[in-house]
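Some notes on the structure that comes next.
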Amino acid sequence: MLKRPPYPESLETRKEIEKHINEVLDMDVIRKIGHNKIVKITTPVLINWHDGKSRVCGDVRALNNYTKADRYPIPRIPHALDKLAKARYITKMDFMKGFHQNGVKPNSMKLLRIICNMGIYEYTRMPFGIKNEPAHFQRMMDTIFQEEILEGLMVVYIDDINIYT
Numbered sequence: 323m324l325k326r327p328p329y330p331e332s333l334e335t336r337k338e339i340e341k342h343i344n345e346v347l348d349m350d351v352i353r354k355i356g357h358n359k360i361v362k363i364t365t366p367v368l369i370n371w372h373d374g375k376s377r378v379c380g381d382v383r384a385l386n387n388y389t390k391a392d393r394y395p396i397p398r399i400p401h402a403l404d405k406l407a408k409a410r411y412i413t414k415m416d417f418m419k420g421f422h423q424n425g426v427k428p429n430s431m432k433l434l435r436i437i438c439n440m441g442i443y444e445y446t447r448m449p450f451g452i453k454n455e456p457a458h459f460q461r462m463m464d465t466i467f468q469e470e471i472l473e474g475l476m477v478v479y480i481d482d483i484n485i486y487t
């Protein structure tokens with residue numbers, strides 16, 4: 323983690339980052355911590371997502387390099403599709419910004435700071451890009467829906483739930 327200015331960005335990227343910052347600020351996913359603080363920070367990066375929309379995450383590569391991997395198994399998509407192929411009816415649910423549903427411990431917030439032209443912010447809820455968040459979220463979902471999964475009523479893939487009959 324470095325003390326650094328934001329990455330150079332195009333006007334289009336800057337507007338998209340500003341839109342995202344305002345959205346997650348309104349959702350209490352981040353909070354502003356100042357403009358001129360000398361703190362360890364990272365820079366937001368705009369990622370084009372599979373649904374045609376974009377997501378913003380911090381450039382947390384340095385943090386991820388020091389993070390011990392959580393080896394909790396993520397379901398393999400072909401196995402999930404095999405189960406769903408036999409279904410007559412499927413109901414699909416997707417958590418809106420699923421990772422943001424998990425809080426961040428107060429002593430970890432300082433590791434999840436981002437800087438942009440709007441100031442310095444820290445995440446109060448889990449951001450995208452953290453190495454172990456997919457495994458953590460999958461474990462949480464498997465625990466919550468353990469009965470339904472074991473009974474063969476549901477397939478859970480991170481923040482996507484498929485109920486089938």
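Counting with the working numbering, you get residues 323 to 487 for the letters of the sequence shown. All C-beta atoms in this analysis are idealised placements derived from N, C-alpha and C, irrespective of residue type, glycine included.
Please determine, among the options, the residue with the shortest C-alpha to C-alpha distance to residue i.
| i | options | result |
| --- | --- | --- |
| Thr-335 | Ile-396, Gly-356, Arg-377 | Arg-377 |
| Leu-347 | Met-476, Asp-416, Pro-330, Arg-447 | Arg-447 |
| Lys-432 | Asp-416, Val-382, Asn-344, Glu-338 | Val-382 |
| Gln-460 | Met-349, Arg-398, Gly-474 | Arg-398 |
| Glu-473 | Lys-405, Pro-400, Ser-332 | Lys-405 |
| Tyr-411 | Pro-400, Leu-333, Leu-475 | Leu-475 |
| Asp-416 | Thr-487, Glu-469, Asp-373, Ser-332 | Asp-373 |
Counting only the same chain and skipping the five closest in sequence on each side, list residues whose C-beta sits under 8 Å from that of residue i.
| i | result |
| --- | --- |
| Glu-340 | Cys-438, Asn-439, Met-440 |
| Ala-402 | Val-477, Tyr-479, Asn-484 |
| Thr-487 | Ala-409, Arg-410, Tyr-411, Leu-475 |
| Asp-350 | Thr-446, Arg-447 |
Can the beta-carbon of residue i be found less than 8 Å from the beta-carbon of residue j?
| i | j | result |
| --- | --- | --- |
| Gly-451 | Gly-380 | yes |
| Thr-413 | Ile-352 | no |
| Lys-453 | Thr-389 | yes |
| Leu-385 | Glu-338 | no |
| Ile-436 | Pro-330 | no |
Leaving out the 5 sequence neighbours to the left and right, which residues in its chain are closer than 6 Å to residue i when beta-carbon positions are compared?
| i | result |
| --- | --- |
| Ile-355 | Ile-442, Glu-444 |
| Lys-408 | none |
| Ala-457 | Asp-392, Tyr-394 |
| Asn-370 | Ser-376 |
With 8 Å set as the bound, which would you pick, yes or no: does the beta-carbon of residue i sit closer than that to a beta-carbon of chain C?
| i | result |
| --- | --- |
| Gly-374 | The structure shown contains no chain C; it is built from a single protein chain. |
Taking its Cβ as the centre, do 16 or more other Cβ atoms sit within 10 Å of residue i, making it buried, or is it exposed?
| i | result |
| --- | --- |
| Leu-434 | buried |
| Ile-343 | buried |
| Pro-428 | exposed |
| Pro-449 | buried |
Apart from the five residues just before and just after residue i, which ones in its own chain have a Cβ nearer than 7 Å to its Cβ?
| i | result |
| --- | --- |
| Glu-455 | Phe-421, Met-448 |
| Glu-470 | Met-476 |
| Pro-328 | Thr-365, Ile-437, Cys-438, Asn-439 |
Check whether the region 379-395 and the region 465-477 touch, using three or more Cβ-Cβ pairs below 8 Å as the test.
With a cut-off of 8 Å, the region 465-477 and the region 379-395 do not count as touching, because too few Cβ pairs lie within range.
So, do the region 475-485 and the region 407-424 have three or more beta carbon pairs nearer to each other than 8 Å?
Contact holds: three or more Cβ-Cβ distances are below 8 Å.
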